[in-house]
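Below is one structure, written out as structure tokens, with a few remarks after it.
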Amino acid sequence: MPKVKTNSSAKKRFKVTGTGKITHQKSFKRHILTKKSNRRKRKLNKDGVVHKSNVDFVKRLLRLK
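Right, dumping it as structure tokens:
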């Protein structure tokens, strides 16, 4: 039986923390940054946590479930 592969796009986008939470990078921080406030850009630097409604799906993509 062949091994089941992890979804390649998911492993590039999500990281699992030590406590088991799944984090992701926030969007809207690539270009057109001049009109965005420093506060907004600073808050976009921080990793987001995957919402509980999507956790099962992301775990399945990462083969954690």
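Start counting at 1 in the sequence shown, then tack on 847, and there's your number in our numbering. Built from N, CA and C at the ideal position, the CB exists for glycine as well.
Sub-8 Å separation of residue i and residue j beta-carbons
{"i": "K876", "j": "L891", "result": "yes"}
{"i": "F861", "j": "T870", "result": "yes"}
{"i": "V902", "j": "A857", "result": "no"}
Cβ-based burial, residue i [other Cβ within 10 Å; buried from 16]
{"i": "V896", "result": "exposed"}
Cβ separation of residue i and residue j, assumed to be a contact under 8 Å, to the nearest whole Å
{"i": "K888", "j": "L880", "result": "6 Å"}
{"i": "R934", "j": "V851", "result": "The chain is shown only over 848 to 912; residue 934 falls outside these bounds and no answer can be derived."}
Below-8 Å beta-carbon distance, residue i vs any chain B residue
{"i": "D894", "result": "No chain B appears in this structure, which consists of one protein chain only."}
Minimum length 4: unbroken alpha helix (DSSP H) runs contained in the stretch 859 to 897: Whole alpha helix (DSSP H) segments, 4+ residues: 885 to 892.
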